[in-house]
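Structure first, commentary second.
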Amino acid sequence: MQAVTIEQNGLRRVNYGIERNLERNAGYKAKNGHKGRREKPARARDDRIRNILCLAAGLCCLIAGLCCLLATPVQAQAPENNGYVADKPLELYSHDTIQGDLYYTVGNSYYSGKVYPGEVYSVIHTVNLPEGANVKFARLYVYWTWSAEGVEGRYPEMKVSFNGEELKPEKEYSDRKGWGIYNYPTGTWAYDVSAYVPGPGTFSTDIENTGPGASYVCFDGAGLLIVYTDPSGKYIEYWVSEGADELNSQVDENGNPLYYATSNQTICDMLRPNLQLPVRSATLWTIIQSGNWEDNTLLVNDKKFTGVCDGKPYPDLDIDIREIKDCLKSGENSIHFQAVGDYVVPSGSFLVVERDSLTEEVQTPSGKTSENSEEINTVKAPEETSSIKAEKAPGCGFVFTLITLLTGGNLAAKTRKYKFRK
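In this text, residue positions in the sequence shown follow the numbering used here: the first is 1, and each later residue adds one.
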């Protein structure tokens, strides 16, 4: 087609044919342009969805990794020396054979709550002994717990008077958590009151907190133990062990240990009597502070007794008395107490075995502790019982946490990189 120029009214116009070609070309470009604009939003939408999915996956991995990191410090901070495991076996105080018996009472003891400086906790013990009985020895036990000043645990300062006579402890047993908050000690202090208990009667115990400032201590009770001879009494062999071993195997709602101690690690060695059979009877006293949990277990050789902590005489001081003759064997016997999902403080174990006579084979010098007392109470406590290995603690493994974080970070980085290229 030839180009023709038409001039009209001083204006130049392009030939109609050329104009149609231009319009056709313009229409083609416009058509293709609209098509491109229709395709580009769809591709961009797919890219955005892909980016969102990658970002969501990355964020999920990062969140999971952060959750694991939050659990990992708990694992790393598991205490090397955990006072809540069984690490303080009770000590044998006295072992002998006599004609007589053992008498133990907590009088009108009660849980005191916080006793502040200047305040006094008082207990009355009424003692009934057979006529003609002679006191071999008398021992006062003060069971205390939750001793602190403010939020810092401290050992208590107290003035103990027995029938008006001020006493000094002959033995102080104590234990404490050893880490974290509420690291408050608890204990059993033992006093020799033989000179003040000539026989039956009523005896008063007054305990004053003499600590500084706003210090306080709580008392679970006070026990009076009397071993006496009686010319018309039974022939007995007895063992008296005492102490304080703080145990805590409490668990959360999922059954995980709250304080890095399982029930297999909270088994206190109470007594290891070595005896000869046969015997007429065998009576065991078990004194537990802060019991009152039916799952706690008394172990006598291979026999298990549950329900020993029934909150009697009251929840903060459990005293279990039971016959264990059928559980004993000739030779060394083992008596343990196991805290099962509970916080307890085993504080005493007294065993009285009745015999037909005082045979030479079992008799020991009167008034003396058996020479093998330390050997009997020696407990093999490997280091792993006083701490929980990190891999056994709750929480995610560090390697898994690291992989999760790296995966999340990588996915998020790829998303950013892809968007950058776009």
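Beta carbons are placed, not taken as given, at the ideal position from N, Cα and C, and that holds for glycine.
CB residue i to CB residue j, shorter than 9 Å?
{"i": "glycine 223", "j": "tyrosine 141", "result": "yes"}
{"i": "proline 313", "j": "serine 122", "result": "no"}
{"i": "valine 424", "j": "isoleucine 98", "result": "Because the chain is modelled from 1 through 422, residue 424 falls outside the range shown and cannot be assessed."}
{"i": "proline 117", "j": "aspartate 230", "result": "no"}
{"i": "valine 352", "j": "glutamine 289", "result": "no"}
{"i": "valine 127", "j": "threonine 105", "result": "yes"}
{"i": "leucine 277", "j": "isoleucine 335", "result": "no"}
{"i": "glycine 187", "j": "tyrosine 111", "result": "no"}
{"i": "glycine 178", "j": "proline 257", "result": "no"}
{"i": "serine 281", "j": "lysine 325", "result": "yes"}
{"i": "isoleucine 236", "j": "aspartate 101", "result": "yes"}
{"i": "valine 85", "j": "glutamine 338", "result": "no"}
{"i": "glutamate 149", "j": "proline 212", "result": "yes"}
{"i": "serine 161", "j": "isoleucine 124", "result": "no"}
{"i": "valine 251", "j": "serine 194", "result": "no"}
{"i": "aspartate 87", "j": "aspartate 175", "result": "yes"}
{"i": "valine 340", "j": "serine 232", "result": "no"}
Comparing alpha-carbon positions, which option in the options lies nearest residue i?
{"i": "glycine 243", "options": "Tyr191, Pro257, Trp293", "result": "Tyr191"}
{"i": "valine 240", "options": "Gly153, Asn51, Arg154, Glu91", "result": "Glu91"}
{"i": "asparagine 248", "options": "Gly164, Trp293, Tyr235", "result": "Trp293"}
{"i": "phenylalanine 216", "options": "Trp144, Leu284, Pro273", "result": "Just to set this straight, residue 216 is tyrosine in the shown sequence, not phenylalanine. Among Trp144, Leu284, Pro273, the Cα nearest to that of tyrosine 216 belongs to Trp144."}
{"i": "tyrosine 238", "options": "Val85, His95, Lys88", "result": "His95"}
{"i": "asparagine 301", "options": "Gly132, Ile319, Met270", "result": "Met270"}
{"i": "glycine 331", "options": "Pro315, Val279, Gly291, Asp318", "result": "Val279"}
{"i": "asparagine 274", "options": "Tyr182, Asn333, Ile267", "result": "Asn333"}
{"i": "asparagine 296", "options": "Lys234, Arg272, Ile267", "result": "Ile267"}
{"i": "glycine 164", "options": "Tyr103, Thr210, Phe203", "result": "Phe203"}
{"i": "proline 169", "options": "Tyr103, Gly180, Glu157", "result": "Glu157"}
{"i": "tyrosine 93", "options": "Tyr84, Arg139, Arg176", "result": "Arg139"}
{"i": "serine 347", "options": "Cys327, Ile287, Gly291", "result": "Ile287"}
{"i": "asparagine 82", "options": "Ser232, Asp245, Trp285, Phe137", "result": "Asp245"}
{"i": "phenylalanine 219", "options": "Asn51, Lys114, Leu225", "result": "Lys114"}
{"i": "tryptophan 189", "options": "Tyr155, Lys171, Leu225, Leu55", "result": "Lys171"}
{"i": "tyrosine 155", "options": "Pro89, Leu167, Thr210, Gly291", "result": "Thr210"}
{"i": "phenylalanine 137", "options": "Glu166, Tyr103, Thr283", "result": "Tyr103"}
{"i": "alanine 214", "options": "Trp285, Gly153, Glu166", "result": "Gly153"}
{"i": "cysteine 327", "options": "Gly233, Pro185, Phe305, Thr262", "result": "Phe305"}
{"i": "aspartate 316", "options": "Glu323, Gly307, Gly291", "result": "Gly291"}
{"i": "threonine 205", "options": "Gly180, Lys159, Pro185, Ser232", "result": "Lys159"}
{"i": "leucine 167", "options": "Gly180, Tyr184, Tyr196, Pro185", "result": "Tyr196"}
{"i": "threonine 283", "options": "Arg50, Ser263, Glu354, Leu59", "result": "Glu354"}
{"i": "tyrosine 259", "options": "Leu358, Gly180, Gly307, Tyr184", "result": "Gly180"}
{"i": "leucine 358", "options": "Lys234, Glu323, Leu59, Ile49", "result": "Lys234"}
Quick one: is residue i buried, meaning 16 or more other Cβ sit within 10 Å of its Cβ, or exposed?
{"i": "tryptophan 146", "result": "buried"}
{"i": "aspartate 342", "result": "buried"}
{"i": "leucine 53", "result": "exposed"}
{"i": "tyrosine 173", "result": "buried"}
{"i": "valine 151", "result": "exposed"}
{"i": "glutamate 253", "result": "exposed"}
{"i": "lysine 303", "result": "exposed"}
{"i": "serine 349", "result": "buried"}
{"i": "arginine 272", "result": "buried"}
{"i": "alanine 133", "result": "buried"}
{"i": "tyrosine 182", "result": "exposed"}
{"i": "aspartate 318", "result": "buried"}
{"i": "aspartate 47", "result": "exposed"}
{"i": "leucine 225", "result": "buried"}
{"i": "arginine 20", "result": "Low per-residue confidence applies at arginine 20: pLDDT is 48, beneath 50, and the placement is therefore not dependable, though the value from the model is reported in the following sentence. Arginine 20 should be labelled exposed."}
{"i": "glycine 107", "result": "buried"}
{"i": "alanine 56", "result": "exposed"}
{"i": "proline 89", "result": "buried"}
Does the ligand PLP have a heavy atom nearer than 8 Å to the CB of residue i?
{"i": "asparagine 128", "result": "Within the structure as shown, the ligand PLP is missing, as the structure has no ligands at all."}
Quick check: is the beta carbon of residue i nearer than 9 Å to any beta carbon in chain C?
{"i": "valine 251", "result": "Going by chain labels, chain C is absent from the structure shown, which holds only one protein chain."}
- request: Only counting runs of 3 or more residues, tell me where the beta strand (DSSP E) segments fall wholly within the region 101-184, in order along the chain.
  value: 120-127, 134-149, 158-162, 165-167, 171-175
- prompt: What residue ranges within the region 294-373 form continuous beta strand (DSSP E) runs of no fewer than 3 residues, ordered along the chain?
  reply: Restricting attention to beta strand (DSSP E) runs no shorter than 3 residues, the region 294-373 encloses them at 297-300, 303-306, 317-323, 335-338, 343-355, ordered along the chain.
- request: Scan the region 183-251 and note each continuous beta strand (DSSP E) run of 3 residues or more that stays entirely inside, going in chain order.
  value: Here the runs fully enclosed are 186-192, 201-209, 215-229, 234-242.
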